[in-house]
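Chemist:
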Amino acid sequence: MTPSPPRASELIIRNAEWARRTANIDPGFIGRLESQNPKVLWIGCVDSRVPETTICDCTLGDILTHRNMANIVTPADDSAHAAIEFAVEGLQVQDIVVVGHSLCGGVTEAWRLSRESVVPTDTPVQRWLRPLIALSKELELDQVALEDRARAVQILTKENVKRQVLNVSNHKSVQDAWARGRTLQIHGWLFQMETALLVDVTGPFSDSPIGNL
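Per our numbering, the very first residue in the sequence shown carries number 801; after that it's consecutive.
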């Protein structure tokens, strides 16, 4: 029988056990948390099955992270843009990765909403997914039959990563870094739930943005 996920009260207990165990194994662990020097900014989805530190076999301080529903970077999202600015200008990261994943509920919902004759914007989720709904329509995926939903969602998931990589590349901090000759690469990846493997979608690039990826 699969154990149920922990409640908040259990997380506090688990944290105390983890802190003691980690300090015993690595006495210098706490001291290293006084500062951070990550080389990578990870822009991913809030999905609980895609924790970057776990799936990349990393530890605290290795990866700077920004996550939201369906790994979207929009011009109006100050949260994402502040994270990129801090990563590029403050921490001098060398890589930014946009990471989508298969079986994404946000992408699936965006595709479903794109098939509506009038797209609703009543809830925060519906409003947040507007760029992805628009992308689905742009790619004419809203015309795909319901029985082909899996294929449409798969395409939209991949194209969403490409679009967000393009959005990141147009960020002022990224453009300024490239203009100064900084080594800064942008990547687009997909995490496949079916294999637990990361797949490169766009290949790394470190130059001015292009119209399509």
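Every residue, glycine too, gets a C-beta built ideally from N, C-alpha and C.
Cutting at 7 Å between CB atoms, please list the residues of its own chain near V919, excluding the five before and the five after it.
Modeler: Position 119 of the sequence shown, counting from 1, holds the residue named residue 919. Around V919: L913 and I933.
Chemist: Are the CB atoms of L929 and A910 nearer to each other than 7 Å?
Modeler: Taking the sequence shown and counting its residues from 1, the one referred to as residue 929 is at position 129. Taking the sequence shown and counting its residues from 1, the one referred to as residue 910 is at position 110. Their beta carbons are under 7 Å apart, which means L929 touches A910 by this criterion.
Chemist: Going along the chain, which residues of its own chain have a beta-carbon closer than 8 Å to the beta-carbon of T983, five neighbours each way excluded?
Modeler: Numbered from 1 along the sequence shown, position 183 holds the residue referred to as residue 983. Excluding sequence neighbours, T983 sits near Q894 and S1006.
Chemist: Using the C-alpha atoms, what's the distance from E994 back to G844?
Modeler: The count along the sequence shown starts at 1 and reaches residue 844 at position 44. The count along the sequence shown starts at 1 and reaches residue 994 at position 194. Whole-angstrom Cα-Cα distance: 18 Å.
Chemist: So, is M801 buried or exposed, given that buried needs 16 or more other C-beta atoms within 10 angstroms?
Modeler: Residue 801 sits at position 1 when you count from the first residue of the sequence shown. Flag for M801 reads exposed.
Chemist: Where do the N-terminal and C-terminal ends of the beta strand (DSSP E) with V799 fall, by residue?
Modeler: Because the chain in this structure spans residues 801 to 1013, residue 799 falls outside the shown range and cannot be described.
Chemist: Report the rounded CA-to-CA distance for P805 versus L811, giving the unit in angstroms.
Modeler: By one-based count along the sequence shown, residue 805 stands at place 5. By one-based count along the sequence shown, residue 811 stands at place 11. Taking the straight line from one Cα to the other gives about 10 Å.
Chemist: Going by the beta-carbon positions, is the gap between T859 and G900 smaller than 7 Å?
Modeler: Along the sequence shown, read from residue 1 onward, the residue named residue 859 stands at position 59. Along the sequence shown, read from residue 1 onward, the residue named residue 900 stands at position 100. No, Cβ-Cβ distance for T859 and G900 is not below 7 Å.
Chemist: Reducing DSSP to helix, strand and coil, say where D942 ends up.
Modeler: For the purposes of this step, residue 942 is taken as residue 142 along the sequence shown, with counting starting at 1. Helix at D942.
Chemist: Between V873 and Q964, is the Cβ-Cβ spacing less than 7 Å?
Modeler: Numbered from its first residue, the sequence shown carries residue 873 at position 73. Numbered from its first residue, the sequence shown carries residue 964 at position 164. Their beta carbons are under 7 Å apart, which means V873 touches Q964 by this criterion.
Chemist: With a threshold of 7 Å on Cβ separation, who are the neighbours of T908 within its own chain once the five nearest residues in sequence on each side are excluded?
Modeler: Numbered from 1 along the sequence shown, position 108 holds the residue referred to as residue 908. Cβ within range, chain order: V953.
Chemist: I need the DSSP call for Q892, collapsed to helix, strand or coil.
Modeler: Residue 892 sits at position 92 when you count from the first residue of the sequence shown. Coil, per DSSP.
Chemist: Let's see if you can read the secondary structure: which residues bound the beta strand (DSSP E) around D1000?
Modeler: The residue given as residue 1000 occupies position 200 in the sequence shown. Counting along the chain, the beta strand (DSSP E) containing D1000 begins and ends at L997 to D1000.
Chemist: Which residues share a DSSP beta bridge with N868?
Modeler: Your numbering for residue 868 matches position 68 in the sequence shown. The partner list for N868 (beta bridge, DSSP) reads C845.
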